[in-house]
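Let me begin by presenting the structure, written as structure tokens, before commenting on it.
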Amino acid sequence: MGKVLRTSSAVYFCALAVMGSAQAQAAPLAEEVTSLLAGNPRIEAARNNLRAAEKGIDEAFGDYLPRLDLRADMGHLYADSPTRRTQGEDQYAAGRETATLTLTQKIWDGGAREAEYQSAQLQRDAAASAVNATVQEVILEAATAYMTVLRQTRLLELSRENERNIMEQLNLENERVQRGSGIAVDVLQAKSRLQIAKERRVAVEGALRDAQARYLQVFGTPAVVDSMTRPRPPVDLLPETLDAAIEIARAENPAVTSGAKQIAIADERRDLAESGYYPRFNLELSGTYENDVDPHLRDAPGMNREFSALVTANWNIFNGFATKAAVARTAFEHAAARDTQAQTLRRVSEQVRVAWEALQTARERVSLLGNAVTIAQEVYDARLRLRQSGRDTALNVLDAENEVFTARINYTSALFEAQIATYRLLAAMGRLDPEVLDQVAAGSGEPGTTSLAAAEG
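Quick note on numbering: the sequence shown equals residues -26 to -1, 1 to 431 in mature numbering (1 follows the signal peptide of the UniProt record, and there is no 0).
Laid out in structure tokens, this is it:
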């Protein structure tokens, strides 16, 4: 847990220095991600959920305000009752009008109003965490797709370069055979190596097409490699120890913060259910207007007005044990939320550990493969000189050249894997936000992949 991330690899940091030159130019990755975040459907869906949760707060706040109700009716009243006939009255028929205006203010409802309002606020906070999580997921997908296109483009350049070199060696061996100083089997060996190189190039082209398809799906526009810039890896934003990274993730990862809000929401819902055990008190102000409503008041005026100011109490005594069941249900929901949060913390810690180890492994590979490229190049140069002097075979030269190509392929892949692992670690920590890309924009790399080629030597 206390293991310190090894960053002393000279090859790794030299490569980063070459790949991420300190030109003051905007990074296309940051620009494209900014555009992506502005209109991504997943992010918009999360933002709309947040807006809905904010309106839920306004809705819950409505219980703190008085309620004003108007009830009115107008029509025709006909009465022919035994009472009227006993009193010697005729049938009664007349128009009638009534209107009642009631203002109701909740005084206390067992804490239900407070629980609803607090729950709505927590729902808003949980929705905000969901937006943050979605944004970071989209940024990680975008950065991975972006870097994968650059990686496959560079690998294709290396594959074509290797194919050209083998073709040149094949032509040289053909010339030697024609002059009588070469061996025919060397030509066959060169042709065999050429076919293998072509197969590798075709495979890389297919992988590049896959990467471009993924890029199109993520960004909605085709990748234009010539305008793409490799950004400087945000290594300065990483903590020094694995323990520190896990601690940050347990505090800032959106899944963790959302889980904490869900526990609090479950707690408020339990309070809401328990409010069913208590009485409700309301203040009611009412005014009623009636005209020709009672046909039995023959000699009374037809208009009647009533006003009242009351404090009402309502206490449910028995509702079929529904309140008891609701309290038990919300208690189990609260326990489930706590268990879910415990699992989320474990999962987030695992994600940090995996991303941390992936980054460390990639950095170590960069260091080792950087040396491997240098050694393989020296071996190839030596064998080429021997071949030119007639003291070595073409097969050995081709094998040495293939080792150079393989080392450069692995080195290139490790460089990109290290940068992608950096983004994954930041995402696991909950810190892969747009500001991260803005910070690395000032140190972005050269356009295209020429800087990587320079780093490989």
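Built from N, CA and C at the ideal position, the CB exists for glycine as well.
Residue i: buried (16+ other C-beta within 10 angstroms of its C-beta) or exposed?
i           : result
residue 291 : exposed
residue 232 : buried
residue 379 : buried
residue -4  : Unreliable positioning characterises residue -4 in this predicted model, as indicated by a pLDDT of 36, which lies under 50. The coordinate reading is nonetheless provided below. Flag for residue -4 reads exposed.
residue 320 : exposed
residue 29  : exposed
residue -25 : Note on residue -25: pLDDT 38, under 50, position unreliable in the model; the coordinate value appears next. Exposed.
residue 205 : buried
residue 404 : buried
residue 249 : buried
residue 10  : buried
residue 56  : exposed
residue 398 : buried
residue 363 : exposed
residue 101 : buried
residue 330 : buried
residue 283 : exposed
residue 303 : exposed
residue 143 : buried
residue 281 : exposed
residue 42  : exposed
Would DSSP call residue i helix, strand or coil?
i           : result
residue 198 : coil
residue 384 : helix
residue 214 : coil
residue 43  : strand
residue 180 : helix
residue 396 : helix
residue 203 : strand
residue 411 : helix
What residue does the alpha helix (DSSP H) around residue i start on, and which one ends it?
i           : result
residue 348 : 296 to 362
residue 23  : 15 to 35
residue 243 : 228 to 248
Locate the beta strand (DSSP E) running through residue i, then write down its first and last residues.
i           : result
residue 281 : 277 to 288
residue 263 : 254 to 265
Comparing the CB of residue i with every heavy atom of the ligand ZN, is any distance shorter than 7 Å?
i          : result
residue 10 : The ligand ZN is absent from the structure shown, which contains no ligand whatsoever.
Which residue spans inside the segment 53 to 136 form an unbroken alpha helix (DSSP H) run of at least 4? 56 to 60
For the 8 Å Cβ check, are there 3 or more pairs between the segment 26 to 38 and the segment 86 to 98? yes
Within 8 Å, do at least three Cβ pairs link the segment 69 to 88 to the segment 105 to 119? no
Is the segment 356 to 373 touching the segment 294 to 310, taking contact as three or more C-beta pairs under 8 Å? no
With three or more beta-carbon pairs closer than 8 Å as the criterion, would you say the segment 126 to 144 touches the segment 174 to 188? yes
Per the contact definition of three or more C-beta pairs closer than 8 Å, is the segment 360 to 376 in contact with the segment 328 to 338? no
Should the segment 186 to 206 be regarded as contacting the segment 115 to 124, the criterion being three or more beta carbon pairs within less than 8 Å? yes
Taking contact to mean at least 3 C-beta pairs separated by less than 8 Å, is the segment 15 to 26 in contact with the segment 210 to 225? no
Any contact of the segment 302 to 318 with the segment 249 to 260, i.e. 3+ C-beta pairs under 8 Å? no
Would you call the segment 236 to 249 and the segment 94 to 103 in contact, with 3 or more CB pairs under 8 Å? yes
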